[in-house]
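Protein chains in written order, with my numbering: chain A, 569 to 1138; chain B, 22 to 109.
(1) Below 8 Å between beta carbons: does that hold for residue 1098 of chain A and residue 691 of chain A?
(2) At a CB-CB cut-off below 8 Å, which residues of chain A make contact with residue 196 of chain B?
(3) What are the start and end residues of the beta strand (DSSP E) that includes residue 905 of chain A?
(4) Would you say residue 691 of chain A lies against chain B (beta-carbon separation less than 8 Å)?
(5) Are the segment 929-941 of chain A and the segment 743-756 of chain A in contact at 8 Å, needing three or more beta carbon pairs?
(6) Can you check whether the C-beta of residue 34 of chain B is within less than 8 Å of a C-beta belonging to chain A?
(7) With 7 Å as the limit, tell me which residues of the segment 23-54 of chain B have their beta carbon closer than that to any beta carbon of chain A; keep them in chain order.
(8) Can you list, in chain order, the stretches of the alpha helix (DSSP H) that have 4 or more residues and sit fully within the segment 998-1069 of chain A?
(9) Applying a beta-carbon distance threshold of less than 9 Å, which residues of chain A neighbour residue 94 of chain B?
(10) Residue 628 of chain A lies in the beta strand (DSSP E); which residues open and close that run?
(11) With H, G and I counted as helix, E and B as strand and the rest as coil, what does DSSP make of residue 605 of chain A?
(12) Residues in the same chain with beta-carbon distance under 7 Å from residue 104 of chain B, minus the five sequence neighbours each way, listed in chain order, please.
(13) Beta-carbon of residue 106 of chain B versus every beta-carbon of chain A: anything under 8 Å?
(14) Which residue wins for smallest C-alpha separation from residue 63 of chain B, given the options A:806, A:1024, A:994 and A:695?
(15) Going by CA-CA distance only, name the one from A:629, A:956 and A:1114 that's closest to residue 587 of chain A.
(16) Is there a Cβ of chain B sitting closer than 8 Å to that of residue 705 of chain A, yes or no?
(17) Using 8 Å as the limit for Cβ to Cβ distance, is residue 59 of chain B near chain A?
(18) If you check the beta carbons only, do residue 964 of chain A and residue 620 of chain A fall under 8 Å apart?
(19) Quick one: using the 10 Å Cβ neighbour count with 16 as the cut-off for buried, is residue 727 of chain A buried or exposed?
(20) Indicate the three-state DSSP secondary structure (helix, strand or coil) for residue 38 of chain B in the structure shown.
(21) With distances taken between CB atoms, is the gap from residue 44 of chain B to residue 93 of chain B smaller than 8 Å?
(22) Quick check: what's the CA-CA separation for residue 920 of chain A versus residue 632 of chain A?
(23) Assuming residue 1089 of chain A and residue 640 of chain A are in contact, meaning their beta carbons sit under 8 Å apart, how far apart are those beta carbons, in whole angstroms?
(24) With a cut-off of 8 Å, does the C-beta of residue 954 of chain A fall near any C-beta of chain B?
(25) Please classify residue 1091 of chain A: is it buried, with 16 or more other beta-carbons within 10 angstroms of its beta-carbon, or exposed?
(26) With 8 Å as the C-beta to C-beta threshold (strictly closer), list the residues of the segment 76-95 of chain B near chain A in chain order.
(27) Output needed for residue 597 of chain A: all residues of its chain with C-beta closer than 7 Å, excluding positions within five of it in sequence on either side, in chain order.
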């Protein structure tokens, strides 16, 4: 069957599955709509959390980035999994015992202050905005490839689909839909990885194949890649180019940010028991592990196959007249370009002056099965998986943005007297504005999908994480300290990112290591922002009024599980 | 007060925090330690076709993270029962 028809078919079937489950589950209970995971086993909740968590950045962008970055790509692998350890050990059980639905609620109550709540709401909205902007680019890449249009049209189609999906609403909140989405996306991720691992190394398990020898030779794949990289003027695949300090800072920002992301934390508020909050994080990480340990294998395989098909087996360059099919199809999206600089009628890819190729890193996971000439149904499956990953997260974030603005910010703060109907209107309006901004950033991306998403994590690390940790582990932290800390961390981190990245205006300084503060890139600056937050919070709390006794008693109570009630909305 | 005495509450919290810090030390050691700070040293060692430091950064640390969470859950459930502050 024709690839495009097959893609429509597979994507259509998976959508029918999600909608079917949504209708079936909704008929069963309307409470599910709000309390995702209520009465659901920690196993199913873990799977749903994994689907919620793994977005376009994980599915589409990450392996591609690793494939170009080699060792440096490890920041995403360790950063986005290690955060779950922090979440399970330091946050989830206590927040669950506290028994509120959202992070701003926790901040507002623990710090007995409406101002603290408002600051937290604004931080949550900013973080979600940056996160969703990263997703739009990913959605755009998928649609542009499979509808064979350029990337701008792809992003616009993606905007329409996400908006429709988010307004349909609820679907995101239904745990079983997300369980289905997890199954689709992990199957779609593993199938091509297994095929390609078999083709290159003869080992069916990508996690092992990645370290094996290339079929028919005595050379290990990674050694081969190191050699090829050197020959072509790149850094060694297993070494990378980032400084050790920057790798450390980015990894820390992503880990801590994971533990501070509002839409992830929320999942642990709604499990039935404190015990379940602990184990849910464990199950979620197991399900995430399957994708995250496969990703670096895909990255290495893709790198090898890509260089092999472009430069040819003899490393002389493939003739333009024999251009592989995958390059021809991806050229239509404008995400891959060839310019025959030396006029020899051949393509050549390298890290030095000989290079003639421009390749967008975000295409690698989608192009990978095509590069390896896998059957069409596998390519169609990958498209369906990518759409599932991007849509579930983007729609979820849009809901966070629109409810934060309409409910937390307007209804509970600025305009307490608005009607429910007006509130809903503002929610829709906020979603529409969010989509427009995200779409603009999707068309003019400040970086690759996973990089943009990394900024969202930096912001979460610099704002929420210290406020929550201090709220649990430091009884003496008062509202003045928490508010000053969050503001300082957030302003510092946003300022630094804008200074180098611009986004809506020209950057004020060139984004290169010589200009960076202590050699920390904008992706890693959240780590420093977090430290700023901690220091400011502690200093300010020392010189302002002590914490009231009743709040100290609350902190005592959240430290043990007994007596945890169901989560309540205010 | 769910605890029999405030000493009990203090020692429960102390044990909880000490378990957490021990597990976080391992968490730090496998990722920031083996995967980043010591990566060049460990890369001298070959491990199933991988350089060991590289393997920790892209595979090993993730497996250890999963183990850490399950150990924590197990130990905390025991601790909750010991001090009689478990649910139900």
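Idealized CB from N, CA, C, for every residue including glycine.
Reading it off the structure:
(1) Position 530 of the first chain, counted from the start, is the residue given in the question as residue 1098 of chain A. Position 123 of the first chain, counted from the start, is the residue given in the question as residue 691 of chain A. In this structure, residue 691 of chain A does not lie closer than 8 Å to residue 1098 of chain A by Cβ.
(2) Residue 196 of chain B falls outside the range modelled here, since chain B spans only 22 to 109, and no answer is possible.
(3) Taking the first chain and counting its residues from 1, the one referred to as residue 905 of chain A is at position 337. Start and end: 904-906.
(4) Position 123 of the first chain, counted from the start, is the residue given in the question as residue 691 of chain A. Closer than 8 Å: no.
(5) no
(6) Your numbering for residue 34 of chain B matches position 13 in the second chain. Interface residue, yes.
(7) Here the close residues are 23, 33, 34, 41, 44, 45, 48, 52 and 53.
(8) 1017-1041 and 1047-1069
(9) Stepping through the second chain from its first residue, residue 94 of chain B is reached at position 73. Neighbours of residue 94 of chain B on chain A, chain order: 656, 843, 846, 847, 849 and 850.
(10) Within the first chain, residue 628 of chain A is the residue found at index 60, counting from 1. Here residue 628 of chain A belongs to no beta strand (DSSP E), and DSSP marks it neither H nor E.
(11) The residue you call residue 605 of chain A lines up with position 37 of the first chain. For residue 605 of chain A, the predicted structure reports a pLDDT of 42, less than 50, and the residue's modelled location is therefore unreliable. The matter cannot be settled from this model.
(12) Start at 1 with the first residue of the second chain, and residue 104 of chain B comes out as number 83. Excluding sequence neighbours, residue 104 of chain B sits near 24, 29 and 33.
(13) Here residue 106 of chain B refers to the residue found at position 85 when the second chain is read from its first residue. Judged by the 8 Å Cβ criterion, residue 106 of chain B is in contact with chain A.
(14) Residue numbering aside, residue 63 of chain B sits at position 42 when the second chain is read from its first letter. Nearest C-alpha to residue 63 of chain B among A:806, A:1024, A:994 and A:695: A:806.
(15) Residue numbering aside, residue 587 of chain A sits at position 19 when the first chain is read from its first letter. Ranking the options by Cα distance to residue 587 of chain A, first place goes to A:956.
(16) One-based indexing of the first chain puts residue 705 of chain A at position 137. For residue 705 of chain A, the answer is no, since every Cβ of chain B falls outside 8 Å of its Cβ.
(17) By one-based count along the second chain, residue 59 of chain B stands at place 38. Contact with chain A is absent for residue 59 of chain B, since none of that chain's Cβ atoms lies less than 8 Å from the residue's Cβ.
(18) Walking along the first chain from the start, residue 964 of chain A turns up at place 396. Walking along the first chain from the start, residue 620 of chain A turns up at place 52. Result yes, Cβ atoms of residue 964 of chain A and residue 620 of chain A sit closer than 8 Å.
(19) On the first chain, position 159 is the one that residue 727 of chain A refers to. Answer is buried; the Cβ neighbour count reaches 16.
(20) Counted from its first residue, the second chain places residue 38 of chain B at position 17. The answer is helix: DSSP assigns residue 38 of chain B an H, G or I state.
(21) The residue given as residue 44 of chain B occupies position 23 in the second chain. The residue given as residue 93 of chain B occupies position 72 in the second chain. Against a cut-off of 8 Å, the Cβ pair of residue 93 of chain B and residue 44 of chain B comes out as a contact.
(22) Mapped onto the first chain, residue 920 of chain A falls at position 352. Mapped onto the first chain, residue 632 of chain A falls at position 64. Straight-line Cα distance between these residues: approximately 20 Å.
(23) Here residue 1089 of chain A corresponds to residue number 521 of the first chain, with the count starting at 1. Here residue 640 of chain A corresponds to residue number 72 of the first chain, with the count starting at 1. In fact, because the Cβ distance is near 11 Å, the residues do not count as touching under 8 Å.
(24) Counting from one through the first chain, the residue named residue 954 of chain A turns up at place 386. For residue 954 of chain A, the answer is no, since every Cβ of chain B falls outside 8 Å of its Cβ.
(25) To locate residue 1091 of chain A, count along the first chain from 1; it is residue 523. It is buried - the Cβ of residue 1091 of chain A has at least 16 other Cβ atoms within 10 Å.
(26) 76, 78, 79, 80, 82, 83, 84, 86, 87, 89, 90, 91, 93 and 94
(27) Locating residue 597 of chain A in the first chain gives position 29, where the first residue counts as 1. Bear in mind that the predicted position of residue 597 of chain A carries a pLDDT of just 42, short of 50, making it unreliable; the figure below should be weighed with that in mind. The answer is none, since no qualifying residue turns up.
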